[in-house]
Structures are given as C-alpha cells and as structure tokens.
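Asks: Protein chains in written order, with the working numbering: chain V, -7 to 256; chain Y, 2 to 282; chain L, 115 to 640.
(1) Using CA atoms only, rank isn't needed, just tell me which of Y/50, Y/267 and Y/102 is closest to residue 232 of chain Y.
(2) Can you name the start and end residues of the beta strand (DSSP E) that residue 193 of chain L belongs to?
(3) Using 8 Å as the cut-off, classify the Cβ of residue 313 of chain L as near or not near the heavy atoms of the ligand MG, replying yes or no.
(4) What are the uninterrupted segments assigned as beta strand (DSSP E) that are 3 or more residues long and contained completely in the segment 254 to 298 of chain L, given in chain order?
(5) Looking at residue 407 of chain L and residue 419 of chain L, is the spacing between their C-beta atoms short of 9 Å?
(6) Nearest by alpha-carbon distance to residue 246 of chain Y: which of Y/269, Y/144 and Y/121 is it?
(7) Which same chain residues end up closer than 7 Å to residue 338 of chain V when comparing Cβ atoms and leaving out the 5 residues on each side of it in sequence?
(8) Can you confirm whether residue 268 of chain Y, when its beta carbon is compared against all beta carbons of chain L, has any partner nearer than 9 Å?
(9) Looking at the structure shown, is residue 326 of chain L part of a helix, part of a strand, or coil, going by DSSP?
(10) Apart from the five residues just before and just after residue 173 of chain Y, which ones in its own chain have a Cβ nearer than 7 Å to its Cβ?
(11) Smallest Cα separation from residue 271 of chain L: which of L/224, L/131, L/404 and L/237?
(12) Whose CA, out of V/181, V/254, V/169 and V/127, lies closest to the CA of residue 198 of chain L?
(13) Just the C-alpha distance for residue 151 of chain L and residue 41 of chain V, rounded to the nearest angstrom, thanks.
(14) Since residue 513 of chain L and residue 496 of chain L are thought to touch, with beta carbons under 8 Å apart, how far apart are those beta carbons, to the nearest angstrom?
(15) Check residue 457 of chain L in the structure and name its three-state DSSP category.
(16) Is it right to say residue 264 of chain L is buried, meaning 16 or more other beta carbons lie within 10 angstroms of its own, or is it exposed?
(17) Might you give, ordered along the chain, the residues of its own chain that have their beta carbon closer than 8 Å to the beta carbon of residue 395 of chain L, omitting 5 neighbours on each side?
(18) Could you please give the first and the last residue of the uninterrupted beta strand (DSSP E) stretch that includes residue 125 of chain L?
(19) Please go through the same chain and pick out, in chain order, the residues whose beta-carbon is closer than 6 Å to the beta-carbon of residue 245 of chain L, but skip the five residues on each side of it.
(20) Considering residue 125 of chain Y, what are the terminal residues of the alpha helix (DSSP H) in which it resides?
(21) Beta-carbon of residue 88 of chain V versus every beta-carbon of chain L: anything under 9 Å?
(22) Taking Cβ positions, are residue 148 of chain L and residue 305 of chain L nearer each other than 9 Å?
(23) Using a Cβ cut-off of 9 Å (strictly closer), state whether residue 175 of chain L contacts chain Y.
(24) Taking residue 223 of chain L as the query, report the chain V residues whose CB atoms sit under 7 Å from its CB, ordered along the chain.
(25) Per DSSP, which one or two residues make a beta bridge with residue 548 of chain L?
(26) Only counting the same chain, and skipping five residues up and downstream in sequence, which positions put a Cβ closer than 7 Å to that of residue 367 of chain L?
(27) Roughly how many whole angstroms lie between the Cα atoms of residue 200 of chain Y and residue 221 of chain V?
(28) So if DSSP puts residue 139 of chain L in a beta bridge, which residue, or which two residues, is it bridged to?
(29) List, in chain order, every chain L residue whose beta-carbon is nearer than 7 Å to that of residue 136 of chain V.
(30) Assuming residue 182 of chain L contacts residue 165 of chain L (C-beta within less than 8 Å), just tell me the rounded distance between them.
(31) Can you list the residues of chain L that residue 265 of chain Y reaches, using a CB-CB cut of under 8 Å?
(32) Which residues does DSSP pair with residue 229 of chain V in a beta bridge?
(33) Starting from the Cα of residue 134 of chain L, find the closest Cα among L/612, L/178 and L/442 and give me that residue.
(34) Does the Cβ of residue 20 of chain Y have 16 or more other Cβ atoms within 10 Å, making it buried, or fewer, making it exposed?
(35) Of the choices L/352, L/382 and L/386, whose alpha-carbon is the least far from that of residue 371 of chain L?
(36) In the DSSP output, which residue or residues are listed as bridge partners for residue 414 of chain L?
Right, dumping it as structure tokens:
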C-alpha cells in the first residue's frame, strides 16, 4: 500500500464536489446519504484522537445548524410546508458542514499552507500556526492556574483574572519572539520560495478526485437538464425522490473511504 | 556534507535582487494603501447592507434563489476578503507579525469554546487588546485569521464565515483607532466603551447576512418593495426580538473583561511590541 | 584557517538600554573552532550571539557601531534572512521556534525560504537527518519529541541550509543529563568530522568545558578570549573541578574530571569527610508523610506504591531521569494532583495547596503577573490575608535591591528568585521547588542554595526535584532517587550520590564517595 499522503488538492476536489452536490439539492435522501458518505470517508482516514474530536465537533455544529435553521420558521407563519422548507434548508447547510468536517479531519493544515498561492502564504502560515500553538496555550492556562494555586491564589471571578491572563500572555509573547527570531534567521521572507517535496499525484489521489468530479457532473447535469427532482416540493409536501443515477453519483463520493487509507 | 552551498548561493543572489525590491518587515500601512483598504472595506460593507440599498434587484434574487442567496453573498464576501488580504499582505508581513498573529490567533482558538455564554465569547477581548496595542492593521488581520482558525477548530464554519472574519476584523481595527489618551484610565475607558458598542454592532451586522432571506411579509421581515428606511425599521425590530439579549451578554462581557484584565494585558502587549521592535500600524 | 566570524570594535546598546550590552568587542573565530561564550547573565553573551547573524541590530533595533562579518559578509549590509545560508542560529527554547509540524518539513523550511530546488532539498534533508541521528524521527510531529530530540531537530533545521557556522544559545539548559550528552556529542561530531564552526553560550560549564577549544569570557559587555582553562579560570564560576583547582592553586586549571584526577594524583588525598551534622540521618519530627502512593500523569502510571517521609530541618533532593515522576510527586505533595491510591499527609492532614505546601513550578514565569517584584510577593501575602510587607521575603533571597523592578525585565535566574520569594511568602511548612536550576546562572544558584538551607534550618522542610547533581550535592541533607515509579535509593547524600554512576558529583568522581563540594575538599586538606 502506498504510504505517501494523499495530495491535498485531491481532497479539495473531493470536498468541493461534495459541497457542490449538497448545494444544488434539498432532497433529504441525497443529503442524508452525503452525511453517511462523509462519515464513512472520515472513518477511513482519521489518524488520531484530535481529528476524531474535531470531526465530532463539526457533526455537533452541523446538527445545531439544522436545528437553528429549522427554528427560524418561527419568524414567519408556521405551517407544515414552511417548516419542511426550513428543515431542508438547514439540512443542506448541515451537510456542507459535515463535508467540511471530513475535509478538516483528513487534511493537514500545514500541507494546505504549503499549497497556498504565494501571496497568501503568510496569512495561511499564521492560521496554521494558530491552530498548532492552540493546544499549548490551553495547556499553559492549566499550568498557570495550578501554579497560582500553589502559592495560594485561587482564580475565582474577575478580580484574580490578571494572575491567569498575564503569565499566559507573557509566555505567548516570549514564544512569539523566539519564533520570529527563528523564522528571520531561517530566511523567512527572503524571496521566492520553493516547495519541498511537491506532492506527487498518487493513484489514490486520482481515485479520490476523479469520481468526485464525476459525481458533481452528474448533479450539475441534473440541475441544468432538469431530468431529476433536486428540490422536492414543500407545498404540498411530497415524498422525496431518489434517482438511481444520482444515488450512484453520491456513491462515487464514498470511494475515498476505501482508497488511500493511511496505515495505522 | 559540504558546508559550502554553491547552489544555495546562486538561488540566493537571484532572490536577493528580487526581494530587495519589496522589503517589508512590519505591518506598516502607508497612506496610499490605506485608501485602497478603505475602499475594499466599503465594498465589504455594501456586501452586508445591500438589502437596504438595492431592494429591487435583491427581490428578484431572493425570489429565484431563496435558499441560495446566503451562499452567493458568502461567495462575494469571500472574494472581498481575499482581496483585502492580498492588499494587506502585499509587501510581506514579516516574521514578527506572522509570529504574533500565530500566538494571538492561538489564544482566540483556545478561547472560542469555553468562554461562551449566549453571545459572549472571550475571544473578543483578544482582538480588542491586540488591536488597541498593535494597531488597526494588525487588529484586522488578527480578527480574520483568528476567526478562521477558531472556526476550523470548533466546527463553526458555513456561509457566514467571511462575514464573521470581516466583522471581527473590524472590531480589531476599531480598537486600534481608539485614542490612547494621556493615562491608563482614559485608554481603558475608551476600550471599554468600544467593547460595549462593538458587542452590539457585531451582532447587528452578523444578523444582517441572513435576514433578507426570511421574506414572509411580516413586520420583522425584509420587504423589497419598501424602501431603505422602512427596511431599516423592520431590521431593527427583528434585531430587538432576535439578537438584543444575546448581544447584551457580549457587550457586557466585553466591558467586564476589559476592566478586569485590560490594563495588565495591554501593558504586556505594549512591552512585547517594544521588545520586538515592532513598528505598529 | 581563515576567520569565519569577525567582530571589529563592536559596541551595541539596546533601544531601551542605559549601558552598552557589548562594548568594544574585537574577536576573530577561526573556521572549524568549537567556541564557548561564558559569563554571568546580562554580561552580553546573548547579544554577541545574535550579532553573529544580524538579529542584532536588524531584529532588535538599537545603536550599533563597528563591524561584524560572517564569511566575509557584513551583517549590517545583509538582513538576517540573507545570512541564513552562512550562519545558523538556534535559540534557547526549541519548542517555541518550530514553524511546521513534521520533523522532515521543519528541516526543509529554511531551504524553502531560500528557494533551493526540491532535488537538492531532498538530499540535504536526508544528510542532515543522518548527521544528527534523527532518521527514525522524520515523520514524527515535533510536539511529541523529548527535549533532547527537539534540540537536535532545531539544530538540524538550522543546518539544513548548509551554513558554515552554527550559533547556539544555551542549548542544554532545558535538558536532562542524557539529552545534554546527546546534543553535545552531536555538536562535537559536527566540528570534528565535518569542519563546522560552532559557537555556543552555556551556563552549565561542567558539561561543555571539556569539549571546546576556545572560550570567550564576558564581563559587563567586554570580552576576553583564550583557552578554556584560562578564561573559565578567571571567571570564578566554573565547574566544581575548576573551582577546586583555583582554591588549591593548581596549574593548569582542570576543566574535566579526568584532568582533575590527574592533578590530584600527585597531591595529598583528603581524609574521609566528617559527617556534617546538618546532613546526618537523625530524624526529627515528620512534616510530610507518603504511604503507598500511586499516581498517573497523562494516562500512564508514573508513581507506583511510593513511601516517603520528609522531616523537619531536611532538604530532600528528589532525583531521577526526566519522566521518572519527580514533578508528579511534588504536585501530589502540594495537593494539586489527586493520587489514584495511597495517602499523603502534611503535618497530619491532607495537603492544602498554597497553605501547607508552597510549590514553585519548573517555569517560574508561570507565577509572575505583577508590575514590580514587591507587588509580586505582596500578592501572595494579600491572598492569605497577611498584612505584612514583602521586605523580609525579598531579603531572604537576596533580592531586596530589585523590589521596584518589573519582573519581566530581570534575568531568568533573578525571575526564579522572585518566584521563589513569592512562593516562600506562603509561609508553608513544606517548600517545594521543581527543577529550579533550569537556565540558572551561578550567582542566582548560590543565593537559592543559601535560602533553601536557611529555610530548612528554621524548623521547616524543603523538597527539591532536580537532575542537577551539583545542586543536590550542595544543598541536600538527604537524597532520594526515583526510577520506574519507585524509590530506588534513599539516604545521606554522600552515600547515595557516591554510589551512583549517573548522579555522582564531580568531587565524588575525583576523590571518591562522600565528597560532595569543593569547599568540603579544601577544608579537609587544610
């Protein structure tokens, strides 16, 4: 099995295609199937506990989004039709969130930073740094809280907050100083950059990207050609359809679940 | 291993020539580029407030793509954001700014989940103090990058993300434009007042992105045929019902935090910026 | 051999500085040297190191006169990033200097910045991994590495761009003895086998003194270079064998245990050391009692069934490898960490943090939040409802003169003393210090040792977790060694340290078990 990581672009293609599919339809059959597909792909590629946690958060976020969007119906007249409409809109939003959750769990933020076009390199690097330093910051807060307890200061309420905030911030500032020195000394900003190990397009990457494009194309055709119902009627409410060709398209999006999986 | 890097030196020479033409080590924002930034921000503002200004076009859009509307506007917002970033980062931000953005962005990521009660989120204090200490340009960048990174971390992504980024960026930039006054009291007072106001302003602006798509004819909804002033009234009514209490938590929370830790934290940031010889802008 | 680094009449003042940090420095470092910068904190070592690659003054601002040239290039004419291919700088805290996540990517980062083409980058990365004995770690996330591994990765990352000179700021200060050995061995290989020039600043001279061939002594911004024996001898704060040599008038001054043994062979051997009454095993009242302690940290069981007593008047040194459980033990004693089994009692009751035990953490900076040293100590007093002033506590640590200073402006050693004062102000019966000697300069170390011994004499007790053998030798009245979650040695310092190969102080290695400090030896010989 090829151990090389999958080219991030393949994942971008997958996520964009899946996102596009979710965008053009409000048919709950397709959408819910996409939830399942996203979970399946995530399960095949997750590597560590941190990814698992982040995916769970996205899942929760998605469900909250569905709930909130559905609840928005209360701002107008409440009817079965309106509620269903709101719910389907929410489901669509939630689907996109879940897809993004999978994307987030299977890609490495630094891999994406390296792919960023030159002018976005620095902001992208800053974002990746923020993500990678955050666990240290959280741990630091715990340590400072303990340290202050051990000299008799309990952080209770707003009065004692400086005892918590200042050491954490100062530590962060020193680390920023060290980091900046290190970056400067190692040539940051010295001119045109090159890319270490431009990632090769492995077979796995192609097997992820191409079916995804095919899936998106199917749905695009359906949207333009109108030969399948992508937006089920809500007034009156009708049972949603499930066109077999479109179902197969969604199936193509599940291919990454079995392809290019990292060794554990 | 050779210790002489001939090939390295060759690429070096070429890079030296190219890059010397765009030397930039700080987040200095000179006059001309401020004008461009302002323009980009105005366009961004329009992306928020278009429902009040171009109702007839918007109505057609809303009727045909009622569900898609938010996404289209989001895409616009994303494009604008990209332009803003390109502009701000054009000369190269430099290692000091990138490192500080990383560390302070990490603080925002760390604070996004736990310090969260109704509309209040502790991460606002970070942009408020960072903007106030390190300048509006930095404050804006930090707001954007922090919301982006924390959004990834927390699963809070969606078509609202570009707006969140820009809105928090504005909070950071606004904090950087506040007067420092002659004394700490004045400085903290200004920051607390701004923290209070921005708590509401942020909510006011964020609710706006989906409000137009709730067309159902009620007195709280957007009415394309109604003219700007009527829509503003409708929106405010909607906001009072929907967002006011939520945002009060944020406004009050911001003030509390500014008063509780504003001074020592600002002092620490000022010192760090001085020690790092970061020219703020 | 040509000079790869030259300083000509260099004087530099920091932007907010009152005095020059380095003054009138003339220095030439030949290619292939292994050079050491030594001197008290604040004497200019860090500044000189950063001047070697242009960080001073281009990163730091300030006023700079004179000329520094690296491989012929003037550091004023080239930004630090343009010198990255000739001089590599490795800062003190490697964990904070990493930009990317995977080791391999981190190594490539510098070369990416310089636009080196991918084929050459690949080769360089491979070579550098081998050079620093890192190939097994290439896929690992830098966050999962040990201290020594991190330092070597930081060095590798700096080296990958192919510089001629490597500059390191206190590379072993955060490391345990094994990690420090690995790093020094790697540097030694670079110099001897690969013609690298290395310049490093270091406090813990016992580790490096024997490896280097030129030393640069710093005194208030002025430098003096020469042979290690010469320079370190003049400093008065060298490793124990050197201090011994100074006191006994040996010439040449020994820098290593080996040299000291040779020098001592010809002279009188000291008689067996008398038992120091303060260090004897006579037990007084019990302050802390630990029975059957089991504790975990991050999902692993760290302490398994530990029994321990700490008595009045004792200074207990807890020693052991990194990860042996020293910190966990201290935290359990302090009442911060819940044990999974067993009992811990301070004066007969469950320990209350900040009341029964005052614990100063490894990172003293985690405590400091006030804008003056005095306020910092007062914060502790206020928290326990005490109306008194900070004066006595500051005086006990010899830092009364720093009362009005901002803690963050002080050196690392001074900050540790401030943190210790803040913790001592809890007036707890048991004082605990976790690895206090990290990055500590000799003068602050002396003050700390004096304070801890006085504190214990006052009817209280102190526990110090450390892997600094010389500190244990100087301050402890009893030594305990932890390994595998259990106590494997417990007793009088002379016996315990004398019996161990890893933890033997230099005096023991020269004269045999029971000899702990140079002062002891000198006293016995005179």
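Beta carbons: idealized from backbone N, C-alpha and C, even for Gly.
Replies: In terms of the structure at hand:
(1) In terms of Cα proximity to residue 232 of chain Y, the closest of Y/50, Y/267 and Y/102 is Y/50.
(2) For residue 193 of chain L, there is no enclosing beta strand (DSSP E), as DSSP marks it with neither H nor E.
(3) The ligand MG is not part of the structure shown, which contains no ligands of any sort.
(4) Complete beta strand (DSSP E) runs here, min 3: 279 to 283.
(5) Result yes, Cβ atoms of residue 419 of chain L and residue 407 of chain L sit closer than 9 Å.
(6) For the residues Y/269, Y/144 and Y/121, the minimum Cα distance to residue 246 of chain Y belongs to Y/121.
(7) Residue 338 of chain V lies beyond the stretch modelled for chain V, which goes from -7 to 256, so this question has no answer here.
(8) Cβ-Cβ to chain L under 9 Å: yes for residue 268 of chain Y.
(9) Correct three-state label for residue 326 of chain L: coil.
(10) Result list for residue 173 of chain Y: 128, 131, 132, 140, 141, 143 and 144, in chain order.
(11) In terms of Cα proximity to residue 271 of chain L, the closest of L/224, L/131, L/404 and L/237 is L/224.
(12) Of the candidates V/181, V/254, V/169 and V/127, the one whose C-alpha sits nearest the C-alpha of residue 198 of chain L is V/181.
(13) Cα to Cα, residue 151 of chain L sits roughly 44 Å from residue 41 of chain V.
(14) Their Cβ separation, rounded to whole angstroms, is 19 Å, which puts residue 513 of chain L and residue 496 of chain L out of contact at 8 Å.
(15) In the displayed model, residue 457 of chain L falls within a strand according to three-state DSSP.
(16) Looking at its Cβ environment, which holds 16 or more other Cβ atoms inside 10 Å, residue 264 of chain L is buried.
(17) Note on residue 395 of chain L: pLDDT 49, under 50, position unreliable in the model; the coordinate value appears next. Taken in chain order, the residues that qualify are 592, 605 and 606.
(18) Residues 117 to 127.
(19) Cβ within range, chain order: n/a, list empty.
(20) 124 to 135 is the span of the alpha helix (DSSP H), which, as asked, contains residue 125 of chain Y.
(21) So no, residue 88 of chain V is outside the interface.
(22) Cβ distance < 9 Å, so residue 148 of chain L and residue 305 of chain L count as in contact.
(23) Using a Cβ-Cβ cut-off of 9 Å, residue 175 of chain L counts as an interface residue toward chain Y, since at least one Cβ of chain Y sits closer than that to its own.
(24) 178, listed in chain order.
(25) Beta-bridge pairing links residue 548 of chain L to L/579.
(26) Excluding residues within five positions, the ones whose Cβ falls inside 7 Å are 343, 347, 356, 359 and 360.
(27) Going from the Cα of residue 200 of chain Y to the Cα of residue 221 of chain V covers about 44 Å.
(28) DSSP lists L/124 as partners of residue 139 of chain L.
(29) For residue 136 of chain V, the chain L residues whose C-beta falls within less than 7 Å of its own C-beta are 480, listed in chain order.
(30) The pair is a contact, with the Cβ atoms about 5 Å apart (cut-off 8 Å).
(31) Within chain L, the residues near residue 265 of chain Y are 483 and 485.
(32) Partner residues in the beta bridge of residue 229 of chain V, as assigned by DSSP, are V/226.
(33) Ranked by Cα distance from residue 134 of chain L, the options L/612, L/178 and L/442 are led by L/178.
(34) Here residue 20 of chain Y scores only 44 on pLDDT, less than 50, and its place in the model should not be relied on; the value that follows carries that caveat. Buried, because 16 or more other Cβ atoms sit within 10 Å of the Cβ of residue 20 of chain Y.
(35) Closest by alpha carbon: L/352.
(36) Paired residue(s): L/411.
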